[in-house]
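Protein chains in written order, with this note's numbering: chain A, 1 to 625; chain B, 1 to 174.
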Amino acid sequence: MRWKGLIFLAVIIAIGVVLSLFFLDKWVESGLEKAGSAAVGAKVEIDGLDLDVAGLSIEWQRLQVTDPNSTMQNVLETGRTAFQMDVAALLRKKTVIREMTLADVRTGTPRETDGAIPKKPKKEKKKSDKPDVFDKTRSKLTAEIQNLPVMDFDPARLKKSLNLDSLIVMAELSMPQKLDSSKADVLNTSKSWETFFREFQPEEDLQKIRITVQQINPKAIKTIPELVTALDKLQSANKTLRMLQDTVKARQKQFKIDFNRTGSYIQSVDDWYKADYANVLAKAKLPDLSVKNIGLMLFGGTVVHRVNQTLATVQTIRKYMPKKSDKTEKAKPERMKGQTIHYANRHGYPEFLIETAHLSGQTGSTDDVPGLILQGEANGINSQPWVYGRPTEVNLQGQRGDGRSIQLSAMLDHVEAIAKDRFELRMDRVSLNNVSIQESAYLPSKIQKGVAAIQAVAVFEGDQFDITLNVTASNLGFDFSSMNTSNQFIGIVRDVIQNLNTVTLNVRITGEGDDLTMRMDSNLDDRVSKELKAMGSKALQDAQNKVRARLDQIKREKMAEVDKLYKEKRAEYQKKIDTYAEQVEAQRVAAEAKIDLIKKDIDSKKKAEENKLKDKAGDLIDGLF
Amino acid sequence: MIFLKLLSKFIKVLRSGASPNQIAWGFALGTIPGLTPLACLHNLIVLLLIIIFKINLAAATMALALFSLIAWIFDPFFHSLGFYILVRISTLQGAWTNLYNAPIAPLSLFNNTVVMGSLAVALILVLPNYFWFKWFVRRYRETWNAKIDKWKIVKIMKGSKLVKVYTKIKGMEA
Chain A
1 MRWKGLIFLA VIIAIGVVLS LFFLDKWVES GLEKAGSAAV GAKVEIDGLD LDVAGLSIEW
61 QRLQVTDPNS TMQNVLETGR TAFQMDVAAL LRKKTVIREM TLADVRTGTP RETDGAIPKK
121 PKKEKKKSDK PDVFDKTRSK LTAEIQNLPV MDFDPARLKK SLNLDSLIVM AELSMPQKLD
181 SSKADVLNTS KSWETFFREF QPEEDLQKIR ITVQQINPKA IKTIPELVTA LDKLQSANKT
241 LRMLQDTVKA RQKQFKIDFN RTGSYIQSVD DWYKADYANV LAKAKLPDLS VKNIGLMLFG
301 GTVVHRVNQT LATVQTIRKY MPKKSDKTEK AKPERMKGQT IHYANRHGYP EFLIETAHLS
361 GQTGSTDDVP GLILQGEANG INSQPWVYGR PTEVNLQGQR GDGRSIQLSA MLDHVEAIAK
421 DRFELRMDRV SLNNVSIQES AYLPSKIQKG VAAIQAVAVF EGDQFDITLN VTASNLGFDF
481 SSMNTSNQFI GIVRDVIQNL NTVTLNVRIT GEGDDLTMRM DSNLDDRVSK ELKAMGSKAL
541 QDAQNKVRAR LDQIKREKMA EVDKLYKEKR AEYQKKIDTY AEQVEAQRVA AEAKIDLIKK
601 DIDSKKKAEE NKLKDKAGDL IDGLF
Chain B
1 MIFLKLLSKF IKVLRSGASP NQIAWGFALG TIPGLTPLAC LHNLIVLLLI IIFKINLAAA
61 TMALALFSLI AWIFDPFFHS LGFYILVRIS TLQGAWTNLY NAPIAPLSLF NNTVVMGSLA
121 VALILVLPNY FWFKWFVRRY RETWNAKIDK WKIVKIMKGS KLVKVYTKIK GMEA
C-alpha cells in the first residue's frame, strides 16, 4: 500500500472540495456563459447563478442571450430561473428536471453593452450534410418570391421612350434563332432525302420485272417443267417487288417522322413568340395589368420570411427531438467520438427531460412598452420522445383589459416513426404600430399604425406540411414618403390601402420539400388590379402593341422562308415516294396474278397426268388377269 | 523535449531498484488509459489502483504516452469491435441493458462503441503486456544494459560536448 500516494490524493481532493465551495458558482457561471456564447455566436450572460451541489439545484437571477444579428439587443432575456435535477436520473447519466420556473421571459430587449464577440471562421459544411426536406422547402419558397414579376409602372415614361431596337438586343430573342435552326433542320432533312432518291433507283428493276411478267404467257406453256420454270421467274420477281415495297414503306414512315418534326417547329412558333413577348415586356418593365397575385407581391416576402423562420424552428426541434428509429444502425462517427448505443430504458428517463416548465413573460421589449403579459407551461421537453412516450406540449396565453389577447400552443409528437408537429397561434387586436415588415418592394419597411387579428396554424406530419395564415388588419398606416414616387404601382397600393378599412390576407402553403402549393389571397388583389388597369391601360396598350408589331414583323419574315422551304420539299418528296409506292404495287399485283394462273395450270396439268397414269395402270392390271 | 525527458526517466526506472513486477504492472495498467479515451470513469479506477498499490508511475505514464500516440490509428477498429460487442452479441444484450439502467454505470460511457472497443482491447493486452514487460525489464537489467553501454553510438553521445553541456545545464537547473 502506498500511503504517501493516498494521502496526496486525499489532500488534492480536499483542496478541490474547498475551492469548489468558494468558487464553484463562478466556475459554472463562466462555463455556461462560454459554452452559450460559442453556441449562439454572441455574448450569453448569466447573473447571480447559485448552484446547490447537495440539492442538485441551479438558480439564476438573469439570463441575457445577445442577438447575433443585432448585438445591442437580446434575442432572449429571462428573469429568475430555477430548477432542480433528479439525482436518480443523474446517476444514470440522464438530465431530468422535474420542474423548472422561467420568469419574465422577453425578446428583443435592449442591451447596455455590446454583446458582440470576435467571430470565429465558419466551419465548412460537410459533404454529408445534405439539404433536408426543410432546406429544400425554404429554398423553393425564397425562389418563388424572388421570381415574382417586378412592378415598376410609370405611364409617362412609357409614352416617352420605348426603344425597341435596344430592347430586342437586350431581350436576346429566341424566336429568330429557333426559326433559323428550324430552317437548317429542314435543309439537312432535304439533303438526306436527296441522297436517298439518288441512291434508290427502282426503275430498272421495275422495267425488268415488267418485261418478265409480260413475256410469260401461261396459255402458251404446255409442259409442267416449263410452267415451273416460269413460276420460279415470277416468284423471284415478286420477291424483288416485296423488297422494294418494304423499302418504300420504311421511307414513307421516315418521311412522316422527318416532316412531322420539321412541321412541329412551325406549330411551336406561337409559343416562342409568347416567350419573347414576355421577355421584351420584362426588359421594358411593362407590367402585366391582369396580375392576380397582388397579395403575394405585397406581403409574400414578409410571409415567406416568417414561414422560413417557422420551418427553421421545426427543423431545429426535430434535430434535438428526433423521431423514433426502429433499429440500431452502425453509424460512421467522427474520429475518436464513437457511437453511443441506447438500450431499453426501464426508468423512462430520456437523455434530457424538462417535465414541466412554468413560463411567464411579456411581449414588450421594455418596461415602458410592456405589451401582453404571457404565462403558461411547457410539458415534456425531451431529447428522446420514444423513451418518454408522450408528446411535448406548450401552451402560452396572455390577455389585456383592452381586448388584446394572444394564445400559442404547440404539440410535438415524435413518439412514433413519423413525427407530427402542430403549432397554433391566435392573436386578437394586436398592435401593428411600428412593426417591421420584410422584403416588400412596394411597402415601406415599417407599418406606422394599425391593429390586426392573426390566426396561424402550421401542421407538419413527416415531411409534409400545411401552413395556413389568416390576417385581418385595420386602420393601417404606412409612411410611403421614402419610397420611389415614380413607381405608380406603389402610389396605387398606397391609395387603395388608405381607402380600405380592412385589409385581409389569407395564406395557405402546403407541400413536401420543393413540391409546393402557395396561395396568398388579399382583398387588395382586385382593387389594385382595377386601379392599375384604369390608369395605365392606354399607355401600356400602345407600348405592348409596338412590341407586338415588331415581333410580328420578325416572325413574318423568318416564318415565310421556313414555311416555303418546308412546303416545297414536303410536296416534292411526297410525290416521289408515292409514285414509287404505286408503281411497285401495280407490278406486284400483276406478278401475283400470273403466279396464281400458273399455279392453277400446274395443278390441272398434274391432275390430267395423274388420270393418264391411273388409266395406264388399270389397263396393265386388266392384262395380267 | 517532454518525450526525451520521459524516455530518460523511463530508462532510469529500468536501471533503478524498482521491482520488475512494479514496473511491468505500471506499463500494463498504463495501456488502459493509453488506448481508451482519457476522460472515462474506468481510468479513475486505474489511477486509484496505481496510487494505492506500489505500481511504478513512470512506467504507467510511458505506456499512456506510447499507446495514446497509436490509439487513434485503431479508432475505426475500436468502433467496429465496440459495435459488435454492444449490438451484435445477443447474449450480452441483457447485461448491457442492466448496466444501462443501473446507477453510476452509464457515467462510465460503456455504451460508446470506441470506449467499449478500446477498453476490450486494452483489457486483453493487460496480462500479455505485464508478462512481456516483466521479461523485458529483467532482460534489460541482466544483459542489455551492459551491452548498450558499450555501443559506440552511446559512447559517442556520452562523450559529445553537446551532451556534456546539456548535462551541465541540467545539473545547474537542479
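Where a beta carbon is used, it is the ideal one built from N, C-alpha and C, also for glycine.
Being a predicted model, the structure only gives us computed values, none of them experimental.
Check                                                                                                                                                                                      : Outcome
Kindly indicate which three-state DSSP category residue 83 of chain A falls into: helix, strand or coil?                                                                                   : strand
Residue 344 of chain A touches chain B at which residues, Cβ-Cβ below 7 Å?                                                                                                                 : 97
With a cut-off of 8 Å on the beta carbons, I'd call residue 516 of chain A and residue 141 of chain A a contact; round off their distance for me.                                          : 7 Å
What are the partner residues of residue 446 of chain A, as DSSP defines its beta bridges?                                                                                                 : A:436
Would you mind reading off the limits of the beta strand (DSSP E) that contains residue 144 of chain B?                                                                                    : Premise fails: residue 144 of chain B is in no beta strand (DSSP E) and is neither H nor E.
Return helix, strand or coil for residue 306 of chain A, following the three-state DSSP convention.                                                                                        : helix
I want to see whether chain A comes within less than 8 Å of residue 107 of chain B, judged by CB atoms only; does it?                                                                      : yes
Tell me whether the beta-carbon of residue 44 of chain A lies closer than 8 Å to the beta-carbon of residue 361 of chain A.                                                                : no
Start and end of the alpha helix (DSSP H) containing residue 498 of chain A?                                                                                                               : 488-499
Please report whether the beta-carbon of residue 35 of chain B lies at a distance below 8 Å from any beta-carbon of chain E.                                                               : Given the protein chain composition of this structure (A and B), no chain E is represented.
With respect to the beta strand (DSSP E) encompassing residue 464 of chain A, which residues constitute its N-terminal and C-terminal limits?                                              : 464-478
Helix, strand or coil: how does DSSP classify residue 118 of chain B here?                                                                                                                 : helix
Are the beta-carbon atoms belonging to residue 121 of chain B and residue 78 of chain B less than 8 Å from one another?                                                                    : yes
Chain A beta carbons: is any one of them nearer than 8 Å to that of residue 82 of chain B?                                                                                                 : yes
Look at the alpha carbon of residue 482 of chain A and the alpha carbon of residue 490 of chain A, and state the distance between them as a whole number of angstroms.                     : 11 Å
Residue 72 of chain A CB to nearest chain B CB: under 8 Å?                                                                                                                                 : no
State the DSSP-derived secondary structure class of residue 127 of chain A, mapped to helix, strand or coil.                                                                               : Any reading at residue 127 of chain A must be qualified, since the residue scores a pLDDT of 49, below 50, and its modelled position is unreliable; the value itself is stated next. Residue state, collapsed to three classes: coil.
Along chain B, which residues have their Cβ under 9 Å away from the Cβ of residue 35 of chain A?                                                                                           : None at all; the shortest Cβ gap to chain B is about 16 Å.
Write down every uninterrupted run of the beta strand (DSSP E) in the stretch 82-118 of chain A whose length is 3 residues or greater and which is fully enclosed by it, in chain order.   : 95-105
Does the distance between the C-beta of residue 432 of chain A and the nearest non-hydrogen atom of the ligand GDP fall short of 7 Å?                                                      : Inclusion of the ligand GDP in the displayed structure is not the case, the ligand content being empty and no account of it being possible.
Between residue 14 of chain A and chain B, is there a C-beta pair that is closer than 8 Å?                                                                                                 : no
Step through the CB atoms of chain B and report whether any lies within less than 8 Å of the CB of residue 85 of chain A.                                                                  : no
What are the boundary residues of the beta strand (DSSP E) that residue 521 of chain A is part of?                                                                                         : 515-522
Return the first residue and the last residue of the alpha helix (DSSP H) that residue 232 of chain A is part of.                                                                          : 224-283
Tell me the DSSP secondary structure of residue 56 of chain B in three-state form.                                                                                                         : coil
Report all residues from its chain with a CB closer than 7 Å to the CB of residue 186 of chain A; omit the five preceding and five following residues, and keep chain order.               : 262, 562, 565, 566, 569
Identify each residue in the stretch 41-63 of chain B for which the Cβ-Cβ distance to at least one residue of chain A is less than 9 Å, and report them in chain order.                    : 47, 48, 50, 51, 52, 53, 54, 55, 57
Am I right that residue 388 of chain A and residue 92 of chain A are in contact with their C-beta atoms under 8 Å? What's the rounded C-beta distance?                                     : The Cβ separation is near 15 Å, so there is no contact.
Kindly identify the DSSP beta-bridge partner or partners of residue 358 of chain A.                                                                                                        : A:101, A:377
Find out if the Cβ-Cβ distance for the pair residue 503 of chain A, residue 473 of chain A is shorter than 8 Å.                                                                            : yes
With distances taken Cα to Cα, identify the nearest neighbour of residue 345 of chain A among B:114, B:98, B:135.                                                                          : B:98
Just tell me which of A:239, A:299, A:66 has its CA closest to the CA of residue 209 of chain A.                                                                                           : A:239
Does chain A have any CB closer than 8 Å to the CB of residue 104 of chain B?                                                                                                              : yes
Taking just the CA atoms, how far does residue 43 of chain B sit from residue 55 of chain B?                                                                                               : 15 Å
So, with DSSP's three-state summary, where would you put residue 418 of chain A?                                                                                                           : coil
Assess contact between the stretch 57-66 of chain B and the stretch 81-100 of chain B, defined as three or more Cβ pairs (one per stretch) separated by less than 8 Å. Is contact present? : no
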